[in-house]
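Trainee: Got a structure for you, written out below as structure tokens; questions coming shortly.
There are 2 protein chains.
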Amino acid sequence: MVRLDSRDPAFAADFARLLTVKREIAEDVDEAVRAIIAEVVARGDAALVEYTRRFDRLGADFTAAALRVSEAEIEAALAACPAEALEALRLAAGRIEAFHAAQRPSDHSATDALGVTAGWRWTALESVGLYVPGGTASYPSSVLMNAIPARVAGVPRVVMVVPTPDGVLNPLVLAAARLSGVHEVYRVGGAQAVAALAYGTETVAPVAKIVGPGNAWVAAAKRRVFGQVGIDMIAGPSEVLILADGDANPDWIAADLLAQAEHDTAAQAVLITDSADLAEAVEAAVERALATLPRAEIARASWRDFGAILRVRTFDEAVPLVDRIAPEHLEIETADADALSKRIRNAGAIFLGSHTPEAIGDYVGGPNHVLPTARSARFSSGLGVLDFMKRTTVLACTPESLRALGPAAITLGRSEGLEGHARSVAIRLNL
Amino acid sequence: MVRLDSRDPAFAADFARLLTVKREIAEDVDEAVRAIIAEVVARGDAALVEYTRRFDRLGADFTAAALRVSEAEIEAALAACPAEALEALRLAAGRIEAFHAAQRPSDHSATDALGVTAGWRWTALESVGLYVPGGTASYPSSVLMNAIPARVAGVPRVVMVVPTPDGVLNPLVLAAARLSGVHEVYRVGGAQAVAALAYGTETVAPVAKIVGPGNAWVAAAKRRVFGQVGIDMIAGPSEVLILADGDANPDWIAADLLAQAEHDTAAQAVLITDSADLAEAVEAAVERALATLPRAEIARASWRDFGAILRVRTFDEAVPLVDRIAPEHLEIETADADALSKRIRNAGAIFLGSHTPEAIGDYVGGPNHVLPTARSARFSSGLGVLDFMKRTTVLACTPESLRALGPAAITLGRSEGLEGHARSVAIRLNL
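The listed protein sequences derive, respectively, from chains D and Z. Quick note on numbering that gives the first Met the number 0: the first sequence kicks off at 0 and runs consecutively. Quick note on numbering that gives the first Met the number 0: the second sequence kicks off at 0 and runs consecutively.
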């Protein structure tokens with residue numbers, strides 16, 4: 000954990016170093032992934048089954064017929080879920096759906112004084128693939144966050160892939176798939192699953208876009224199939240930035256920092272405060288809380304290697320720092336949280352006030368928890384309904400409006416050396 | 000040029016082949032681009048100047064001081080433009096601005112029955128770099144189409160880079176930059192320009208996102224810097240699909256096919272018709288029109304290698320074919336053009352009726368001409384205002400609403416093995 004102080008002459012250099020610290024170890028799996036994709040393209044189900052047997056340690060009884068998770072299995076999973084967890088998932092699904100419903104875009108069409116009609120139409124993607132990691136990173140909340148915006152967008156075919164290491168499949172993940180309207184589920188993961196979604200096999204029809212988190216193999220595969228299909232962002236390790244003044248509760252702040260740090264040793268939790276007392280109290284509170292945290296080993300490593308406490312003279316100083324960090328999650332626990340939030344340009348999601356811990360947003364707040372990491376909130380947004388739709392513009396000229404506009408188009412076409420463009424207009428105007 | 004007929008038993012296979020034909024020759028410049036980017040990162044302006052001298056054939060008098068195009072040069076360029084072309088550019092700029100102004104998104108915030116306030120805020124990117132190719136592909140219309148949506152979005156810093164091979168810079172490109180509110184112009188191109196925009200040099204401050212078309216070097220550089228900055232789509236060769244019935248004018252259709260084909264030998268122009276007579280007449284009209292087209296050599300190669308005429312029994316058959324092709328540009332010249340257009344899911348831009356040649360959309364229609372190519376209209380949209388903005392979600396709980404929602408978040412956190420998440424909520428509720 001580093002401590003920076005804006006009064007320190009070295010602050011600017013130290014802050015710049017904090018911004019550029021590399022938190023991800025790049026695993027070089029690109030060549031292996033290329034080969035896996037080529038095999039799935041060439042041999043379809045046969046390759047998919049072979050890789051799945053090998054990577055998920057499944058036996059010869061795992062065949063193409065077992066790729067798809069049946070309706071009966073999904074029903075059985077629902078029945079096997081603890082009632083309390085299922086109820087919490089239902090609450091979350093309802094709130095996520097309500098929030099995203101407000102994101103549905105409007106079509107537009109207007110006819111101008113010349114008689115030209117121009118506008119656009121939004122349509123849902125025809126199909127989407129949702130990658131869900133297996134094992135301990137198999138999060139039902141992620142299924143909701145990825146699948147519900149697709150349903151709200153009106154995507155008619157949402158396909159989920161999830162590996163089942165040693166044959167184990169989290170029933171809550173299947174429950175989440177059911178609650179969020181997923182149409183097909185396949186027990187397959189890794190680069191082979193991404194290849195199947197992108198190119199199709201006998202069993203898995205291809206999709207138009209692939210979303211969802213995954214390990215280095217999945218990320219490399221998504222980068223490779225981009226173009227053949229759309230992909231969402233490639234997510235990096237999670238991060239939180241907390242702005243808190245001297246009135247904040249240090250134990251609450253410490254809990255929030257550790258909720259981030261427990262994700263991953265590469266996660267990052269940062270506090271910016273104008274209070275030396277709070278800075279000190281939070282540091283002590285983190286140590287106390289770590290003593291009883293089940294994932295203390297992970298959280299301690301993240302806090303040690305990437306944690307930071309920055310002292311500023313005033314929160315005016317903090318605004319440009321936040322914009323440069325462009326945090327995935329920004330908690331603001333200051334007296335003027337709402338006003339301060341409006342001065343921030345770059346953040347994935349903002350959590351206002353001391354009663355809005357980021358974990359509420361991870362599960363039941365309503366906004367999406369798939370958010371831009373690694374400073375990409377400077378140029379991108381969290382997942383939403385628009386990620387599952389696309390816009391087609393529509394233009395219609397009348398003979399009269401073409402006569403009004405045509406000469407300018409002819410002039411510009413000729414000035415760009417594109418006589419064919421000019422002629423396609425001129426021929427209609429007998430010019 | 001291939002002729003397909005949906006009555007033919009081989010049609011499905013032939014159509015599938017048409018979809019997968021590779022029109023781009025992949026130039027392997029990735030290693031060279033990697034080296035250029037590394038040099039610009041390490042040596043800044045010095046590397047930028049060296050590469051620019053070499054690739055644009057400039058002398059030793061080209062120094063860092065000459066990188067930025069001065070206000071006086073821009074004023075001189077404006078004065079040097081033909082009045083007619085300048086007037087046409089102004090008309091285009093005004094129409095593009097008016098169309099995109101309607102794309103400005105709305106912020107949203109709502110408080111639900113529990114007292115949770117949730118919503119989002121759109122903000123403009125802090126800075127954008129616009130790549131403009133040099134030489135004959137230096138199109139002023141592209142400057143308008145890329146820069147005006149950024150201005151409408153409210154981007155406070157729009158930077159243009161354009162190479163000047165042999166020192167030549169198209170005055171209309173500078174005029175377009177001025178008309179569309181570009182703030183800074185640098186005479187630099189290729190991978191070195193992309194590197195400068197992404198990482199910054201002494202003279203060029205870095206940007207948050209890079210947009211605009213370019214050659215294989217520019218495309219490879221954009222792929223490499225993605226993550227450090229945002230990028231727009233990587234555009235492939237242009238394409239048009241025309242649906243026309245027996246009442247269409249074959250000479251007009253031929254002109255539109257060739258307006259596309261003249262772009263590039265890798266461009267693609269396709270006609271789908273229900274009329275054998277029209278198919279035949281268009282084929283003859285294309286030959287006639289080629290005879291006098293200045294760029295006939297390019298257009299002829301495109302039409303020969305990638306052109307196609309598909310005959311269908313009815314336009315009902317055409318709808319799924321269009322969706323599979325997912326054309327960048329779709330012209331519909333049939334009796335029921337508007338109704339037919341509403342049945343199409345996948346197209347970048349639609350041009351309705353016989354008086355809306357695609358070239359009108361290239362210049363003065365108003366909608367953007369930067370559109371998804373190579374079937375990517377299945378999952379992406381043309382350039383627009385949203386590409387220069389990003390959305391930050393905002394969530395605020397009251398003590399009471401946290402009490403209502405908290406237990407479900409705690410349950411889900413624990414079910415995902417993330418006790419730290421659960422505790423950050425529980426500690427606020429004394430649970």
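For every residue, glycine included, the Cβ atom is placed at its ideal position computed from N, Cα and C. What you are looking at is a predicted structure, and each value in this text was computed from that prediction instead of being measured.
Tell me, please, whether the CB atom of residue 138 of chain D is closer than 7 Å to any CB atom in chain Z?
Mentor: Chain Z contact via Cβ: present.
Trainee: Measuring only the C-alpha atoms, how far is residue 210 of chain Z from residue 158 of chain Z?
Mentor: Going by the C-alpha atoms only, they are around 10 Å apart.
Trainee: Just checking: is the beta-carbon of residue 198 of chain D within a distance shorter than 7 Å of some beta-carbon in chain Z?
Mentor: Output row for residue 198 of chain D: interface = no.
Trainee: Taking residue 427 of chain Z as the query, report the chain D residues whose CB atoms sit under 7 Å from its CB, ordered along the chain.
Mentor: Here the neighbours are 251, 354 and 356.
Trainee: For chain Z, check one thing: does any of its Cβ atoms lie closer than 7 Å to the Cβ of residue 363 of chain D?
Mentor: Yes - at least one Cβ of chain Z is within 7 Å of the one on residue 363 of chain D.
Trainee: Closer than 8 Å is the cut-off here; do at least three beta carbon pairs connect the segment 193-212 of chain Z with the segment 224-240 of chain Z?
Mentor: Touching, yes, given that three or more Cβ pairs across the two stretches are closer than 8 Å.
Trainee: For a quick check, are the C-beta atoms of residue 54 of chain Z and residue 180 of chain Z less than 7 Å apart?
Mentor: Their beta carbons are not under 7 Å apart, which means residue 54 of chain Z does not touch residue 180 of chain Z by this criterion.
Trainee: Compare the C-beta of residue 344 of chain D against all C-beta atoms of chain Z and say whether one is closer than 7 Å.
Mentor: Yes, residue 344 of chain D counts as interfacial toward chain Z.
Trainee: Could you tell me if residue 32 of chain Z is buried or exposed, where buried requires 16 or more neighbouring beta carbons within 10 angstroms of its beta carbon?
Mentor: Buried: at least 16 other Cβ atoms inside 10 Å.
Trainee: Report yes or no: is there a C-beta of chain Z within less than 7 Å of the C-beta of residue 286 of chain D?
Mentor: By this cut-off, residue 286 of chain D is not an interface position.
Trainee: For the candidate residues Z:255, Z:182 and Z:104, whose alpha-carbon lies nearest to that of residue 238 of chain Z?
Mentor: Per the Cα distances, Z:255.
Trainee: For residue 40 of chain Z versus residue 198 of chain Z, is the C-beta distance shorter than 7 Å?
Mentor: Yes, the Cβ-Cβ distance between residue 40 of chain Z and residue 198 of chain Z is below 7 Å.
Trainee: Evaluate residue 24 of chain Z with the Cβ neighbour count: other Cβ atoms within 10 Å of its Cβ, from every protein chain shown; 16 or more gives buried, anything less gives exposed.
Mentor: So residue 24 of chain Z ends up on the exposed side.
Trainee: Quick one: which chain A residues come within Cβ less than 7 Å of residue 360 of chain D?
Mentor: Chain labels in this structure do not include chain A; the protein chains are D and Z.
Trainee: Hey, does residue 255 of chain Z have any beta-carbon neighbour from chain D nearer than 7 Å?
Mentor: Answer yes: the Cβ-Cβ gap between residue 255 of chain Z and chain D drops below 7 Å somewhere.
Trainee: Let me check understanding here. Comparing Cα to Cα, which of Z:285, Z:281 and Z:280 lies closest to residue 261 of chain Z?
Mentor: Residue 261 of chain Z has its Cα closest to that of Z:285, out of Z:285, Z:281 and Z:280.
Trainee: Output, in chain order, the set of chain D residues within a Cβ distance shorter than 8 Å of residue 30 of chain Z.
Mentor: Within chain D, no residue comes near residue 30 of chain Z; the closest Cβ sits about 14 Å away, beyond 8 Å.
Trainee: Hey, could you find the ends of the alpha helix (DSSP H) residue 141 of chain D is sitting in?
Mentor: Unbroken alpha helix (DSSP H) run through residue 141 of chain D: 139-152.
Trainee: Using a Cβ distance threshold of 8 Å, determine whether the segment 311-331 of chain Z contacts the segment 279-298 of chain Z, with at least three qualifying pairs required.
Mentor: Flag = no, the segment 311-331 of chain Z and the segment 279-298 of chain Z do not touch.
Trainee: Run down chain D in chain order and give the residues with a C-beta less than 8 Å from the C-beta of residue 117 of chain Z.
Mentor: In chain order: 98, 364, 365 and 366.
Trainee: Where does residue 167 of chain D land, buried or exposed, given buried means 16+ other C-beta within 10 angstroms?
Mentor: It counts as exposed.
Trainee: In whole angstroms, what separates the C-alpha of residue 89 of chain D from that of residue 176 of chain D?
Mentor: Answer to the nearest angstrom: the Cα atoms are 11 Å apart.
Trainee: Could you spell out the range, first to last residue, of the alpha helix (DSSP H) harbouring residue 417 of chain Z?
Mentor: Neither: residue 417 of chain Z is in no alpha helix (DSSP H) and is coded neither H nor E.
Trainee: Using a 10 Å radius around the Cβ and a threshold of 16 neighbouring Cβ atoms, would you call residue 421 of chain Z buried or exposed?
Mentor: Looking at its Cβ environment, which holds 16 or more other Cβ atoms inside 10 Å, residue 421 of chain Z is buried.
Trainee: Can the beta-carbon of residue 84 of chain D be found less than 7 Å from the beta-carbon of residue 410 of chain Z?
Mentor: Yes, the Cβ-Cβ distance between residue 84 of chain D and residue 410 of chain Z is below 7 Å.
Trainee: Would the beta-carbon of residue 235 of chain Z fall within 7 Å of that of residue 373 of chain Z?
Mentor: Contact flag set, yes.
Trainee: Spell out a yes or no on whether the segment 389-399 of chain D and the segment 339-356 of chain Z are touching, meaning 3 or more CB-CB pairs, one atom from each, closer than 8 Å.
Mentor: Flag = yes, the segment 389-399 of chain D and the segment 339-356 of chain Z touch.
Trainee: By how many angstroms is the C-alpha of residue 193 of chain D removed from the C-alpha of residue 48 of chain D?
Mentor: The alpha-carbon atoms of residue 48 of chain D and residue 193 of chain D are separated by roughly 14 Å.
Trainee: Measure the alpha-carbon distance for residue 292 of chain D versus residue 270 of chain D and round it to whole angstroms.
Mentor: Cα to Cα, residue 292 of chain D sits roughly 20 Å from residue 270 of chain D.
Trainee: Are any of the Cβ atoms in chain D nearer than 7 Å to that of residue 389 of chain Z?
Mentor: So, interface residue.
Trainee: Which two residues bound the contiguous alpha helix (DSSP H) that contains residue 93 of chain D?
Mentor: That run of the alpha helix (DSSP H) goes 82-100.
Trainee: Residue 424 of chain Z touches chain D at which residues, Cβ-Cβ below 8 Å?
Mentor: In chain order: 356, 358 and 359.
Trainee: Closer than 7 Å, CB to CB, is residue 407 of chain Z near chain D or not?
Mentor: Yes, residue 407 of chain Z counts as interfacial toward chain D.
Trainee: Less than 7 Å separating the beta-carbons of residue 434 of chain D and residue 251 of chain Z?
Mentor: The requested residue 434 of chain D is not part of the displayed model; chain D covers only 0 to 430.
Trainee: Considering only residues of the same chain and omitting the five flanking positions on each side of residue 127 of chain Z, which have a CB-CB separation below 8 Å?
Mentor: Result list for residue 127 of chain Z: 149, 154, 156, 157, 158, 206, 207, 208, 209, 210 and 387, in chain order.
Trainee: Since residue 395 of chain D is in the beta strand (DSSP E), which residue starts that stretch and which ends it?
Mentor: That run of the beta strand (DSSP E) goes 388-395.
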